[in-house]
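Report on the following structure.
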Amino acid sequence: MILLTGATGQLGTAVINQLLQKIPASQIAAFVRDEGKATNLIKQNVTIRVGTYDDTAALGRALQGIETVLLIAGTDEENRVRQHQNVVDAARKAGVQRFAYTSRALKDPATLVNRLMAGHFQTEDYIKASGLPYTLFQNILYLDAIPQFVGGDAVFERGISVPAGQGRVALALRSELGEAIANALVSHDEGNRTYRLTGSESYSFDEIAAALTSLSGKTVAYTPADPATFETQLIGRGLPEVVARRITGFITDIANGQEDIISPDLEKLLGRKPTALQEGLARMYKQ
Numbered sequence: 001m002i003l004l005t006g007a008t009g010q011l012g013t014a015v016i017n018q019l020l021q022k023i024p025a026s027q028i029a030a031f032v033r034d035e036g037k038a039t040n041l042i043k044q045n046v047t048i049r050v051g052t053y054d055d056t057a058a059l060g061r062a063l064q065g066i067e068t069v070l071l072i073a074g075t076d077e078e079n080r081v082r083q084h085q086n087v088v089d090a091a092r093k094a095g096v097q098r099f100a101y102t103s104r105a106l107k108d109p110a111t112l113v114n115r116l117m118a119g120h121f122q123t124e125d126y127i128k129a130s131g132l133p134y135t136l137f138q139n140i141l142y143l144d145a146i147p148q149f150v151g152g153d154a155v156f157e158r159g160i161s162v163p164a165g166q167g168r169v170a171l172a173l174r175s176e177l178g179e180a181i182a183n184a185l186v187s188h189d190e191g192n193r194t195y196r197l198t199g200s201e202s203y204s205f206d207e208i209a210a211a212l213t214s215l216s217g218k219t220v221a222y223t224p225a226d227p228a229t230f231e232t233q234l235i236g237r238g239l240p241e242v243v244a245r246r247i248t249g250f251i252t253d254i255a256n257g258q259e260d261i262i263s264p265d266l267e268k269l270l271g272r273k274p275t276a277l278q279e280g281l282a283r284m285y286k287q
């Protein structure tokens, strides 16, 4: 039986949708904070186990009878490493046979601007030290995030102005990452594995601008921005400061080459090439 945390989030939903096509619903469990938000999973006969990362007793109950856990990274920035450690500890006590975690594909954790990402590598280290057999999914930045980064449909009027310099990123669709993760979870590979899940090509924001120009027929220009100015603009658009800071950090790390990584792992797990930039943007912008 496979248990997913964060099962009602976007990545969790993508993974479960794919798992349901591969194994019976009776073999899938979802760990959720609020059962009321899991009605769609309940309709699909997915087993629901309720609790929080801070409730170690609930974690212990949830992990009984579970062979594989997929820990989808939590969103509590201040506490999530400790919370992840609670899940690892509970899994070890419950005798879980494989521990999987959704991490990030980044070149050098020691030089990240977005320090939020450091928690992923702290969690990886804790999983490795636990002695549990593990599978790590190091995911590249979602292609789905591009509209939020560039300002949604307004990009066709004002262009792209982000602090990405000439950095490149091998973007991938969240749905395809979910599919690849599901494929790996139902495989019978033994031993510890680390998958770097990236697109087959990396793209600059000049290329993203050119793709949007091609899609819309409107000229979309890319102008590199100053990070502080960009963060202020995001807040001015109504984004919370923490989100604005996170996005700015993501993009500054792109400028520094952190996400210019190309790995064959996503293509291998999918059994096909990942969706390329223009087709992915067409889905995002419904062009």
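Numbering (UniProt numbering), first residue to last: 1 to 287.
Glycine included, every Cβ here is placed at the ideal spot set by N, Cα and C.
Original post:
Can you give the Cα-Cα distance for Asn79 and Ala7, rounded to whole angstroms?
Top reply: If you take the alpha carbons of Asn79 and Ala7, they lie about 19 Å apart.
Original post:
Would a C-beta distance cut-off of 8 Å place Arg196 and Gln138 closer than the cut-off?
Top reply: With respect to the 8 Å criterion, Arg196 and Gln138 are classified as neighbours on the basis of their beta carbons.
**OP:** Could you tell me the distance, in whole angstroms, from the CA atom of Thr47 to the CA atom of Ala210?
**Re:** Per the coordinates, the alpha-carbon of Thr47 lies some 45 Å from the alpha-carbon of Ala210.
Original post:
Is there at least one non-hydrogen atom of the ligand NAP closer than 7 Å to the beta-carbon of Phe230?
Top reply: Within the structure as shown, the ligand NAP is missing, as the structure has no ligands at all.
Original post:
So what does Ile2 bridge to, in DSSP terms?
Top reply: According to DSSP, Ile2 bridges with Ile28 and Thr68.
Original post:
Which residues mark the beginning and the end of the alpha helix (DSSP H) in which Gln18 is found?
Top reply: Start and end: Gln10 to Leu19.
Subject >> Opposing strand residues paired with Leu197 [DSSP bridges] >> reply: DSSP, once it has assigned bridges, lists Asn139 as partnering Leu197.
**OP:** Within the same chain, show all residues whose beta-carbon is closer than 8 Å to that of Arg98, passing over the 5 residues directly before and after it, in chain order.
**Re:** Correct list, in chain order: Glu67, Thr68, Val69, Leu132, Pro133, Tyr134 and Thr135.
**OP:** Take Phe149 and list the residues in its own chain whose beta-carbon comes closer than 8 Å to its own, dropping the five residues that flank it on each side.
**Re:** Excluding positions up to five away in sequence, the list reads Val162, Ile247, Phe250 and Ile251.
Subject >> When Leu185, Gln21, Val81 and Gln258 are compared against Ile127, the one with the closest alpha-carbon >> reply: The shortest Cα separation from Ile127 among Leu185, Gln21, Val81 and Gln258 belongs to Val81.
Original post:
Is it right to say Asn114 is buried, meaning 16 or more other beta carbons lie within 10 angstroms of its own, or is it exposed?
Top reply: Result: buried.
Original post:
Around the C-beta of Val242, are 16 or more other C-beta atoms found within 10 angstroms, so that it is buried, or is it exposed?
Top reply: Answer is exposed; the Cβ neighbour count stays below 16.
**OP:** Indicate whether Leu71 and Ala100 have their beta-carbon atoms separated by less than 8 Å.
**Re:** Contact flag set, yes.
Original post:
Near Ser202, which residues of its chain fall below 7 Å by C-beta distance, leaving aside the five closest residues on each side in sequence?
Top reply: Closer than 7 Å at Cβ, skipping near neighbours: Arg168, Val169, Ala170, Asp260 and Ile262.
Subject >> Rounded distance between the beta-carbons of Ile146 and Leu281, thought under 8 Å >> reply: Rounded, the Cβ-Cβ distance is 7 Å, consistent with contact.
Subject >> Spatial distance of Gly212 from Phe156 (CA atoms) >> reply: In the sequence under discussion, the amino acid at residue 212 is Leu, which differs from the Gly named in the question. Answer to the nearest angstrom: the Cα atoms are 8 Å apart.
**OP:** Could you check the C-alpha separation between Gly159 and Ser26 for me, to the nearest Å?
**Re:** Per the coordinates, the alpha-carbon of Gly159 lies some 48 Å from the alpha-carbon of Ser26.
**OP:** Indicate the three-state DSSP secondary structure (helix, strand or coil) for Val169 in the structure shown.
**Re:** In this structure, Val169 counts as strand in the three-state DSSP scheme.
Subject >> Distance, Thr56 Cα to Leu269 Cα >> reply: In a straight line, the C-alpha of Leu269 is about 33 Å away from that of Thr56.
Original post:
Is the number of C-beta pairs between the stretch 1-18 and the stretch 179-198 that are closer than 8 Å three or more?
Top reply: Counting Cβ pairs under 8 Å, three or more are found: they touch.
Subject >> In DSSP terms, what Val50 is bridged to >> reply: Paired residue(s): Val32.
Subject >> Inter-residue CB distance, Ala14 and Arg174 (contact presumed, cutoff 8 Å) >> reply: Right, the Cβ-Cβ distance comes to about 6 Å (below 8 Å), so this counts as a contact.
**OP:** Check whether the Cβ atoms of Asp76 and Gln85 lie closer than 8 Å to each other.
**Re:** 8 Å or more divides the Cβ of Asp76 from the Cβ of Gln85.
Original post:
For Tyr222, which residues from the same chain have a beta carbon less than 6 Å from its beta carbon, with the 5 sequence-adjacent residues on both sides left out?
Top reply: These residues qualify, in order along the chain: Ile160, Phe205, Asp206 and Ala209.
**OP:** Identify whether Ile261 lies in helix, strand or coil by the three-state DSSP scheme.
**Re:** Of the three classes helix, strand and coil, the one that applies to Ile261 here is coil, per DSSP.
**OP:** Put Ala7 into one of helix, strand or coil per three-state DSSP.
**Re:** Residue state for Ala7 is assigned as coil, using DSSP reduced to three classes.
Original post:
Any idea what DSSP makes of Ile283, helix, strand or coil?
Top reply: Per the sequence shown, the amino acid found at residue 283 is Arg instead of Ile. Residue state, collapsed to three classes: helix.
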